[in-house]
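Heads up, the thing below is written out as structure tokens.
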Amino acid sequence: MNNTIDIEQEITQQQEHFARGFDSYFKYFSDQEEVIEGIFKSHKIRFTQPRAFNDPLEFSPTIHFHDNTNSYRAYNLNGSIFPSVESFFRVQVIESQINSYGILSLTKLLDSFDMWSQYANGHRGFVIEFKNDFNNHPLMKSQGGDLYPVKKVDYVEDYSINLESLVDTDGNILKEDIHSELFFKKTSRWNYEHEYRMVRPLTDYPDYKPPEMPYAYTDTNLYLFPFDWTIVSSIILGANMSIENRNQIVRFCEEHNIQCSQAHIIRNHKDRFGKPSTI
1 MNNTIDIEQE ITQQQEHFAR GFDSYFKYFS DQEEVIEGIF KSHKIRFTQP RAFNDPLEFS
61 PTIHFHDNTN SYRAYNLNGS IFPSVESFFR VQVIESQINS YGILSLTKLL DSFDMWSQYA
121 NGHRGFVIEF KNDFNNHPLM KSQGGDLYPV KKVDYVEDYS INLESLVDTD GNILKEDIHS
181 ELFFKKTSRW NYEHEYRMVR PLTDYPDYKP PEMPYAYTDT NLYLFPFDWT IVSSIILGAN
241 MSIENRNQIV RFCEEHNIQC SQAHIIRNHK DRFGKPSTI
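Okay, structure coming up:
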């Protein structure tokens, strides 16, 4: 009986520790072979283009105008279709801004049952804990040594943008303003992720070749950026990870002096989100 009480107390203490939050950042990974090889053999991590994200509505907000009367109307002139004002701005302003950037999605939540399920392939994957200043490492900076900030995502009910309101007194839209609207806002249905993001231009990629076209495009290539293991605090293995993958990652952590721990699912104990505890 005492052992049961001790275990319950330990689970409660662990949950309280998680609830207080972390200074570090976490990223969930699947157990796909190419992911594990990329991380642990090639020491590279993906910065994902906006169009490769799992939400088709993300980076595609509703566009409002001060006068919406004819902004969404396309025109037919002698059989030729001319796009609406909305379509023009969506392609020439939004698409042209987002396609040449990669995003590293992070969170402060280590014990999210849903994210273990969704992003770590049913708890078969793993989580990397990055130090809170990981973006200070030279490999995480621009080619000129500039720091890319890690910013918290703002979750909104009305996922829309008014481009005219972003125009400054000189008639321009500042890159920082449009990026803040596009890269760091999501619909509130994703607020359980408590996401943070680091955004960098794909021109940082060693072999990046921008498309030779004068119009907007959708980049579907895979961009794996090198990283240094000194920015990593620990690895957490999923509760359902295969023995083969577990042995491989544990061996890597031992060789590189990286803390490694095993997640467990407590079926009869709910976490602070009402889901089975993952500790």
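Here the sequence shown is numbered in UniProt numbering, starting from 1 and rising by one per residue.
Glycine residues also receive a C-beta, built at the ideal position from the N, C-alpha and C atoms.
Keep in mind it's a predicted model, so treat the numbers as computed, not measured.
**OP:** Taking all protein chains shown into account, decide if K41 is buried (16 or more other Cβ within 10 angstroms of its Cβ) or exposed.
**Re:** Answer is exposed; the Cβ neighbour count stays below 16.
Original post:
When the distance is taken between beta carbons, is T187 closer than 8 Å to V156?
Top reply: yes
Original post:
Can you tell me whether S112 is buried or exposed, with buried defined as 16 or more other CB within 10 angstroms of its CB?
Top reply: The residue in question, S112, is buried, as its Cβ has 16 or more Cβ neighbours within 10 Å.
Original post:
When you compare each of Y101, H256, E254 and I258 to K175 by their alpha carbons, which one comes out closest?
Top reply: Y101
**OP:** Just the C-alpha distance for Y75 and E95, rounded to the nearest angstrom, thanks.
**Re:** Confidence in Y75 is poor, its pLDDT being 48 and thus under 50, which makes the residue's placement unreliable; the coordinate value appears in the next sentence. If I take the Cα positions, the gap works out to 22 Å.
Original post:
Candidates P50, T203, L222 and Q32: which alpha carbon is nearest K141's?
Top reply: T203
Original post:
Terminal residues of the continuous beta strand (DSSP E) containing D154?
Top reply: Unbroken beta strand (DSSP E) run through D154: D154 to V156.
Subject >> Proximity of T107 and E181 at Cβ, strictly below 8 Å >> reply: no
Original post:
If you compare alpha carbons, which of D170, R197 and F225 is closest to P138?
Top reply: F225
Subject >> Cβ pair S160, P56 closer than 8 Å >> reply: no
Original post:
How long is the line joining the alpha carbons of Y28 and I249, rounded to whole angstroms?
Top reply: 15 Å
**OP:** At 4 residues or longer, and completely inside the region 96-170: list those alpha helix (DSSP H) runs for me, N to C.
**Re:** 113-119
Original post:
Would a C-beta distance cut-off of 8 Å place H264 and W229 closer than the cut-off?
Top reply: Cβ atoms of H264 and W229: not closer than 8 Å.
Original post:
From I231 to F134, what does the alpha carbon distance come to, in whole angstroms?
Top reply: 5 Å
**OP:** Could you check what DSSP says for P50 in three-state terms: helix, strand or coil?
**Re:** helix
Subject >> Residues bridged to A198 (per DSSP) >> reply: This sequence places Met at residue 198; Ala is not what is there. According to DSSP, M198 bridges with L104 and V150.
Subject >> Spatially closest choice to S126 from F227, K270 and N240, by CA coordinates >> reply: According to the sequence displayed, residue 126 carries Phe and not Ser. Among F227, K270 and N240, the Cα nearest to that of F126 belongs to N240.
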